[in-house]
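Protein chains in written order, with our numbering: chain A, 1 to 651; chain B, 652 to 900.
Working notes for the structure below.
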Amino acid sequence: MAEGHVVGIDLGTTNSLVAYMEGDRPVVIPGVDGSNLVPSVVALDPVALDPTTAKPGRPTVTVGNSARKALIETPERVIYSVKRLMGRDLEEVRTELKFFPFRLAGDIEAGEVPRIQLGELRFTPPEISAYILRQLKRNAERFFGSPVTQAVITVPAYFNDAQRQATKDAGRMAGLDVLRLVNEPTAAALAYGLDRAKEGTIAVYDFGGGTFDISILKLCDGIFEVQSTNGDTHLGGDDIDNLLLTIALDEIYAEHGVDLRAHPGAVQGLRKAAIDAKIKLSTEQAAHFDIELPNGDRYQREIPRAVFEMLMEPVLKRTAAPCKQAMADAGVTPEQIDEVVLVGGSTRIPAVRALVDDLFRLGARGKKPHTELNPDEVVALGAAVQAGILAGASKTTDDMLLLDVTPLSLGIEQLGGTVARIIQRNSTIPASATEHFTTGVDGQTNVAIHVLQGERELAADCRSLARFDLKGIPPMAAGLPRIEVRFLIDADGILHVSAREQRSGKAAEIEVKPTYGLTDEQVENMILDSFDHAEEDFSRRLLIEARNEADTILAAVARAPQNPAWNELSAEEQAAIAVARDRLVLIMQGSDLNAISHAMVALDKATRRFAELMMDAAVSSAIRGKTMSEAGKEIDETVSAPHDFAPAEFK
Amino acid sequence: MLKVVENAVPVACWACSVAHNESTLFCPDCSKIQPPTTGDYFSVFGLEHRLNIDLPALEQEFHRLSRRLHPDRFARASENEKDWSLADTALLNDAYRTLKDPLRRTEYLLKLQGAEMGVSPEACSGTTLLQNQEKIQNQEKIQNREKTSRVPADLLEEVFDLNMQLEEMRMARKMGQEDPELKESLLTAKEKFVGLVNAVDRELRAQWTIWDAGDAAARQPAQQAMMALLDRRKYLSNLVRDVTEILGD
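Written out as structure tokens, the structure is:
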């Protein structure tokens, strides 16, 4: 049995993180650039011709910050927010793609997992997610200097069975044994519940980039018992960005006659401006658009906060109903909620906080929501705590136990197209139900069963999970066979089905055809690199990657004196950078991976003030306190980012 | 520890071979997890069949067993132990969910009694799902309560009035009108029916005590009474739900 580190991963719509338990506290593992966040962006690099065969070589895939840069240059080769497409069928993806610049592959048939066209290749959403996961895995491996094969991955609490299965598939493709899927709000509660021996009822309001979740938990003696959960897997900061983006696009068209929608790169530029404006409006009373258009005109517009808040009110209001339903399901009033925890970047918006205050009557009771932990990191930290619980390696997590629930009711289609619920929503998982089926016609040997997930009365309005046939029923008079079918929702929230015929004692053959999803075989074929486990390969690969990264950093540092900000550094600061640079040059010749990593981090630290100065020169003071690498990606493309995430080989 | 159920067959522990009671979740000798038991929900908690339950004690026992059984405790165990932990925890959760809720607990106990009275257990389980199914005679009584519940005879007139008012309210809402008088009257009706639901609950509790203390002869009428009460309650709470829906928050 492998006894290596179990990591916790927050696979987010906008950003992803990996964390682990360092002794008795969870810590985020930074990328080699010192940044904790890996943007959930995947880009396919342009293909170079292989000189030996004169055929196109293997395309490589980049993840994170450098992929984000490609968004503006080669938008047709980049995909982001892929989480919104996970576990969704063709129709849902089509609707979703109205807001995204990427295209579906042309030849998809109904019932197939949709694939996205990326340059000349096509990928399913789990494959794209697998690239992100593999980047996180590599970041962790670099950090530990040893292979990482086991992980806990978080998912929105309101994810359905297909979305959960797709996430697990992605883990497997990335070479990770996914020990558990944990619901994001629950993970956040774990992170918060660690240092204080809390008792009582808490609500976690998790408003992220693409999803909204609310969970209500009861904490008792280390047991985190989820009472109810609700949410919307289609509601997040993205929707707020889209509002601003749509207005800008429409106004540009109306006032300047330019239809930017035909220019994906320009739309991405505008989206970036919209996001910046949104972020600025959390701290300031107004933000501005000032964008140069392809025809030379400028689009300038002021957005006062009041206008922004009016715009997003409908989006915010959509978070209120799930909160009320969750409280009703848990059987609590707002006054009975002892604490509220805010998770997700969108909870930085003042209007969101005002809504939460109102929903849970916080101000009126002299309470404030918890925001002590960084809302971007808290889910990953909680995932690390759960990883610690599973590994059983820490005294701190020994007494902790998470009891989560299934967010959606499970049902079976009955005659007439109605749904009979067999497992109610908010049932603690694992949960099971046993049902009995029989035949309606003499000698009938098959019975078809349709399993659904959702709260609506009609099967057509619920999410179809699977259809299956009970086969090989011994021929008997109608109504005589008695087939017992057992439905089991496991601790990941994923459904398993088994069946047996009781009269004849014969096990009925059962083939569960998921209405949507990848087959085991398909997943097997999509596994990114099967050689990942080879120890020897592994350390060699790490070393090569580390050297490549060092090269990129050094190249950026070499360009630094050309930037005006360089002259603002004191002689000591410049000297310190030179020392760190020379040290890295020396150490990277050797093969001590740890030493190289440390030298890179040291150089990154030495350039921190330079990065700040560079930012001050280029943008407003809104983004302070970041490292050079983060600054690089915030500023325009002419300022070179010091280094990218290591490009990953595409096999 | 779990109570020993008298009629259980002793089996050998897979790990240490010591014979133990089949309805235990752990080997009493080596503490290893055992394959899922065949016991009912009460036996999971080591409880006798009783309707009056000490809820705080039930919760405490649920937490204690969860700590030992939950799949999180077996993330790195053998495949067999993982499977058993999953099955045992599902059973524990199903049992807790059923027993902690007074109505589900009553229905479940009645179902168990039905089984003892010779009705096959599957005939009493849950809602009907049978494909092209024929109704099984015994089933009708307990099953499909939702469909079969009839208006309680003593409430015919009031229910009729209420339904009229609900319809009127729906029409008014459709037209975008508010009728404060009608609203007031619905609020009064709601209060009354909530009161009736509470009365049913009190009667149910009284029957619990009779059933818990009684012998077979005393239990029979209590069971009949409880079935009727559950029926009545379902009907009443559906009405209350409809009124609440129409009145909004």
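Every residue gets a Cβ at the ideal spot worked out from N, C-alpha and C, and that includes glycine.
Please read these numbers as outputs of a predicted model, since none were measured by experiment.
Simplified DSSP state of residue i, which is helix, strand or coil
i: B/Asn-783; result: Here the model assigns B/Asn-783 a pLDDT of 33, short of 50, so the residue's position is not dependable, and the following value carries that caveat. Of the three classes helix, strand and coil, the one that applies to B/Asn-783 here is coil, per DSSP.
i: A/Thr-229; result: strand
i: A/Val-152; result: strand
i: A/Ala-38; result: In the sequence under discussion, the amino acid at residue 38 of chain A is Val, which differs from the Ala named in the question. In this structure, A/Val-38 counts as strand in the three-state DSSP scheme.
i: A/Val-258; result: coil
i: B/Ser-668; result: coil
i: A/Arg-103; result: strand
i: A/Ala-286; result: strand
i: B/Asp-882; result: helix
i: A/Pro-114; result: coil
i: B/Leu-720; result: helix
i: A/Ile-389; result: helix
i: A/Gly-366; result: coil
i: B/Phe-609; result: Residue 609 of chain B lies beyond the stretch modelled for chain B, which goes from 652 to 900, so this question has no answer here.
i: A/Arg-421; result: strand
i: A/Val-63; result: strand
Local Cβ density within 10 Å of residue i, reported as buried at 16 or more and exposed below that
i: A/Val-226; result: buried
i: A/Asn-446; result: exposed
i: A/Tyr-253; result: exposed
i: B/Leu-898; result: exposed
i: A/Gly-388; result: buried
i: A/Gly-517; result: buried
i: B/Leu-890; result: buried
i: A/Ser-35; result: buried
i: A/Ala-364; result: exposed
i: A/Arg-68; result: buried
i: A/Leu-260; result: buried
i: B/Leu-911; result: Outside the displayed span of chain B (652 to 900) sits residue 911 of chain B, for which this structure offers no information.
i: B/Ser-668; result: exposed
i: A/Glu-545; result: buried
i: A/Ala-431; result: buried
i: A/Ala-641; result: Here the model assigns A/Ala-641 a pLDDT of 29, short of 50, so the residue's position is not dependable, and the following value carries that caveat. Classification for A/Ala-641: buried.
i: B/Gly-827; result: exposed
i: A/Ala-354; result: exposed
i: A/Pro-300; result: The question names Pro, but residue 300 of chain A in the sequence shown is Gln. A/Gln-300 should be labelled exposed.
i: A/Glu-435; result: buried
i: A/Ser-591; result: exposed
i: A/Ser-427; result: buried
Beta-bridge pairing of residue i - partner residues as DSSP gives them
i: A/Tyr-20; result: A/Val-27
i: A/Asn-183; result: A/Val-155
i: A/Ser-432; result: A/Leu-488
i: A/Asn-15; result: A/Pro-39
i: A/Gln-135; result: A/Gln-135 pairs with nothing; no bridge assigned.
i: A/Ile-223; result: A/Cys-220 and A/Leu-401
i: A/Phe-207; result: A/Phe-212
i: A/His-496; result: A/Leu-488
i: A/Arg-463; result: A/Gln-453
Candidates the options: closest to residue i by CA position
i: A/Arg-421; options: A/Pro-430, A/Ile-429 and A/Leu-408; result: A/Leu-408
i: A/Phe-144; options: A/Asp-161, A/Asp-177, A/Glu-76 and A/Tyr-20; result: A/Tyr-20
i: B/Ser-888; options: B/Val-848, B/Thr-860, B/Glu-712 and B/Arg-824; result: B/Val-848
i: A/Phe-102; options: A/Val-585, A/Leu-71 and A/Leu-179; result: A/Leu-71
i: A/Leu-136; options: A/Val-497, A/Leu-495, A/Ser-16 and A/Leu-219; result: A/Ser-16
i: A/Thr-439; options: A/Pro-561, A/Met-476 and A/Glu-413; result: A/Met-476
i: B/Ala-666; options: B/Glu-732, B/Pro-687 and B/Ala-746; result: B/Glu-732
i: B/Glu-854; options: B/Ala-670, B/Leu-742 and B/Ala-876; result: B/Ala-876
i: A/Pro-304; options: A/Arg-298, A/Lys-280 and A/Ile-291; result: A/Lys-280
i: A/Pro-684; options: A/Ala-286, A/Phe-610 and A/His-598; result: As shown, chain A starts at 1 and ends at 651. That puts residue 684 of chain A outside it, with no answer to give.
Proximal chain D residues relative to residue i, where beta-carbon distance stays under 7 Å
i: A/Leu-390; result: Within the model displayed, chain D is absent; protein chains A and B are what it includes.
* Are the stretch 76 to 83 of chain A and the stretch 449 to 460 of chain A touching by the rule of at least three beta carbon pairs closer than 8 Å? -> no
* Asked: Are the stretch 240 to 251 of chain A and the stretch 184 to 204 of chain A touching by the rule of at least three beta carbon pairs closer than 8 Å?
  -> no
* Can you find at least 3 beta carbon pairs, one from the stretch 856 to 876 of chain B and one from the stretch 827 to 835 of chain B, that sit closer than 8 Å? -> no
* Asked: Pairing CB atoms from the stretch 344 to 359 of chain A with CB atoms from the stretch 318 to 330 of chain A, are three or more of them under 8 Å?
  -> yes
* **Segment contact, 8 Å Cβ cut-off, at least three pairs: the stretch 467 to 477 of chain A with the stretch 713 to 729 of chain B** => no
* **contact_flag[the stretch 341 to 350 of chain A, the stretch 219 to 233 of chain A] where n(CB pairs < 8 Å) is 3 or more** => With a cut-off of 8 Å, the stretch 219 to 233 of chain A and the stretch 341 to 350 of chain A do not count as touching, because too few Cβ pairs lie within range.
* Asked: How do the stretch 229 to 240 of chain A and the stretch 209 to 219 of chain A stand: do at least 3 beta-carbon pairs fall below 8 Å, yes or no?
  -> yes
* How about the stretch 29 to 46 of chain A and the stretch 170 to 179 of chain A: do they share at least three Cβ pairs that are nearer than 8 Å? -> no
* Could you say if the stretch 687 to 700 of chain B and the stretch 751 to 766 of chain B meet the contact criterion of at least three C-beta pairs nearer than 8 Å? => yes
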